[in-house]
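Protein chains: 2
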Amino acid sequence: MSKDPNLPMFSKVALIGLGLIGSSLSHAMRRKGLAGTISGSARSEQTLKRAAELGLADDLTGDAGKAVKDADLVFLNVPVGAMGAVARSIAPQLKKGAIVTDVGSVKAAVIRDVAPHIPDGVHFIPGHPVAGTEQSGPDAGFADLFENRWCILTPLEGADKEAVKKLEAFWKAVGSNVDFMDPEHHDLVLGITSHLPHLIAYNIVTTAADLEEVLGKEIIKYSAGGFRDFTRLAASDPTMWRDVFLNNREAVLELLGRFSEDLSALQRAIRWGDGEKLFDLFSRSRKVRREIIDAGQDTDAPNFGRK
Amino acid sequence: MSKDPNLPMFSKVALIGLGLIGSSLSHAMRRKGLAGTISGSARSEQTLKRAAELGLADDLTGDAGKAVKDADLVFLNVPVGAMGAVARSIAPQLKKGAIVTDVGSVKAAVIRDVAPHIPDGVHFIPGHPVAGTEQSGPDAGFADLFENRWCILTPLEGADKEAVKKLEAFWKAVGSNVDFMDPEHHDLVLGITSHLPHLIAYNIVTTAADLEEVLGKEIIKYSAGGFRDFTRLAASDPTMWRDVFLNNREAVLELLGRFSEDLSALQRAIRWGDGEKLFDLFSRSRKVRREIIDAGQDTDAPNFGRK
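Chains as they are written, first to last, in numbering that gives the first Met the number 0: chain A, 0 to 306; chain B, 0 to 306.
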């Protein structure tokens, strides 16, 4: 595979942040031979130590500025709220012609925080791989994570076409489909498909946990009735999600408003015994599941194929 | 296995309703040799036809009264709202000494609707296997469904101890753990672990489906960001769930009140940028997931082990 004349795509790739996404990028690049060398940086000693043991990078450092030196492609894999500070700290070391991208779940706020720090001649192309698991940290990554998932790029006006093409080719090489959007649209679409679901999952787990004090261990014991599904999303990284909600506030509040209105209508139907309305709403939902399975975005095995 | 002197446990078992639970009971009984013969009834011609093709019962009929004749154990596997009418229709045919049980997700309402019809000398022991998938119908069943899941029995005051023991042994024989509760407590516990999660899942799918008209197919495409998880529960049988909400109204409305209060607090934290509060809430949820996995009630594979 390394004989492919198009590979490696980049002689040096820098991974700033080595959690679930950073470590998955490393595994995926290694498997496909997409990078000549990989440098990596992380803030915590513990992450750096594990990253070394796992061989996630050829060079590891606690200094993001050092990691990006001579890099042709730089990935910012840190919580959305940390993007601005990281961009500022690496800016003086960025190579002319380098591509800087990120993997943040929010795009408008990341552009607001990162773009002002990017020097002329460096290409900042924001991105978001819609892929992940509920796990985090350098041990959580795996090469397949991006396979058959979408990666959304939100290039700024006047972005260098060649640079965008190169980044698109990179994501395709790790197995993703690539889409382009403007940042505000991205934040609304991901608001409903990802941010609101996580918020609701966190909320129902909170409601249940408060009852756990009354009901003992029963909520855990009988969680297979449906509750367990929500606990997966609600086990996601707290720092990452705090930052998502703080940085996609307008879209999330708007969607939450719609959700609450719909819930009130459902509550009213239950209170007044309106079975027809409940049946109609529930029948409609079935169709959505079918569309997701047909689009290859979920398994059709019952119970997600769990035992 | 057929040499076991305790088998079959029951010479004739009647399955009233041959959907996911009814068909799974058939498969599980056949595998373990728990029933001498199995009779089955269903309302629709189509279900009866499929049940015959799948060999779900030795005798199939559209008349529930006929199916229960001479049966030692009768399972009512119909939506909660249909239990009363079914009990009335089979009552004259029930054998003295027979056990009648049900698999409904609500217990107080089922007892209210069924108990008055059960003749003296017949043992009515309400039950609820906390097991299922999002699929329904006679093709959805499989022998493993009850394995390592809880079955909750809610015997009435003065229930025959021998009969309760026999039913408990049956559920253990199909792989379940058995718990006992009073019906009202069951309805609260399942309200939070099953009914509220389904309601919330239906609601978020409704909210998203309304947006789909604006956002085109994007909600389906990017559903791997979290939304897809909710669509599984929201693909469950509409009739079954309509009946659950109509028949566990008080508990569901009370839990919905708590959920909405918690959601308002979360919404306020987002609006006012209270990152600390969000972080604390999200950190707490992680622990609940761990407890569920440790209790053997979910897989610890990332993403439920999906590709």
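Where a beta carbon is used, it is the ideal one built from N, C-alpha and C, also for glycine. Only a predicted model underlies this, so the values are computations on that prediction, with no experimental measurement involved.
I believe residue i touches residue j by the beta-carbon criterion, under 8 Å. Please report the beta-carbon distance rounded to the nearest angstrom.
| i | j | result |
| --- | --- | --- |
| residue 56 of chain B | residue 43 of chain B | Actually they do not touch by this definition, with Cβ atoms about 15 Å apart. |
| residue 198 of chain A | residue 265 of chain B | 7 Å |
| residue 71 of chain B | residue 97 of chain B | 6 Å |
| residue 172 of chain A | residue 31 of chain A | 6 Å |
| residue 232 of chain B | residue 195 of chain B | So it is not a contact: roughly 11 Å between Cβ atoms. |
| residue 124 of chain B | residue 166 of chain B | 5 Å |
| residue 218 of chain A | residue 226 of chain A | 7 Å |
| residue 19 of chain A | residue 134 of chain A | 6 Å |
Can you give me the start and stop residues for the alpha helix (DSSP H) that residue i sits inside?
| i | result |
| --- | --- |
| residue 176 of chain B | Not the alpha helix (DSSP H): residue 176 of chain B falls in the beta strand (DSSP E), residues 176-179. |
| residue 256 of chain A | 248-270 |
| residue 206 of chain B | 195-214 |
| residue 34 of chain B | Residue 34 of chain B -> not in any alpha helix (DSSP H); beta strand (DSSP E) instead, spanning 34-40. |
| residue 166 of chain A | 160-172 |
| residue 64 of chain B | 63-67 |
| residue 49 of chain B | 44-53 |
Starting from residue i, follow the beta strand (DSSP E) in both directions and report where the run begins and ends.
| i | result |
| --- | --- |
| residue 26 of chain A | Note, residue 26 of chain A: premise wrong, no beta strand (DSSP E); alpha helix (DSSP H) at 19-31. |
| residue 132 of chain A | Careful: residue 132 of chain A lies outside any beta strand (DSSP E) and carries neither H nor E. |
| residue 101 of chain B | 98-101 |
| residue 58 of chain A | 58-60 |
| residue 77 of chain B | Element bounds for residue 77 of chain B: n/a, residue is neither H nor E. |
| residue 152 of chain B | 149-152 |
| residue 123 of chain B | 122-124 |
In three-state terms, what does DSSP make of residue i?
| i | result |
| --- | --- |
| residue 117 of chain B | coil |
| residue 9 of chain B | strand |
| residue 288 of chain A | helix |
| residue 1 of chain A | Model confidence at residue 1 of chain A stands at a pLDDT of 46, short of 50, so the residue's coordinates are unreliable and nothing is read from them. |
| residue 93 of chain B | coil |
| residue 238 of chain B | helix |
| residue 140 of chain A | coil |
| residue 219 of chain B | helix |
| residue 230 of chain B | helix |
| residue 189 of chain B | helix |
| residue 14 of chain B | strand |
| residue 298 of chain B | coil |
| residue 275 of chain A | helix |
| residue 303 of chain A | helix |
| residue 224 of chain B | helix |
| residue 70 of chain A | coil |
Please name the residue, chosen from the options, that lies closest to residue i on a Cα-to-Cα basis.
| i | options | result |
| --- | --- | --- |
| residue 297 of chain B | B:146, B:60, B:104, B:70 | B:146 |
| residue 128 of chain B | B:121, B:135, B:114, B:151 | B:151 |
| residue 79 of chain B | B:207, B:158, B:15 | B:15 |
| residue 17 of chain A | A:170, A:96, A:136, A:142 | A:136 |
| residue 120 of chain B | B:105, B:133, B:99 | B:99 |
| residue 22 of chain B | B:40, B:5, B:35, B:10 | B:40 |
| residue 6 of chain B | B:29, B:232, B:175, B:270 | B:29 |
| residue 282 of chain B | A:177, A:189, A:130, A:237 | A:237 |
| residue 294 of chain A | B:216, B:74, B:27, B:47 | B:216 |
| residue 35 of chain A | A:209, A:10, A:251, A:138 | A:10 |
| residue 279 of chain B | A:241, A:292, A:185, A:77 | A:241 |
| residue 224 of chain B | A:204, A:288, A:148 | A:148 |
| residue 243 of chain A | A:286, A:263, A:191, A:271 | A:191 |
Of all Cβ atoms in chain B, is any one closer than 8 Å to the Cβ of residue i?
| i | result |
| --- | --- |
| residue 269 of chain A | yes |
| residue 132 of chain A | yes |
| residue 98 of chain A | no |
| residue 301 of chain A | yes |
| residue 220 of chain A | yes |
| residue 1 of chain A | Residue confidence for residue 1 of chain A is low, a pLDDT of 46 falling below 50, so the modelled location carries little weight and cannot support an answer. |
| residue 91 of chain A | no |
| residue 76 of chain A | no |
| residue 7 of chain A | no |
| residue 240 of chain A | yes |
| residue 233 of chain A | yes |
| residue 49 of chain A | no |
| residue 272 of chain A | yes |
| residue 149 of chain A | yes |
So is residue i in contact with chain A if we call contact Cβ pairs under 8 Å?
| i | result |
| --- | --- |
| residue 226 of chain B | yes |
| residue 30 of chain B | no |
| residue 64 of chain B | no |
| residue 117 of chain B | no |
| residue 46 of chain B | no |
| residue 24 of chain B | no |
| residue 43 of chain B | no |
| residue 101 of chain B | no |
| residue 282 of chain B | yes |
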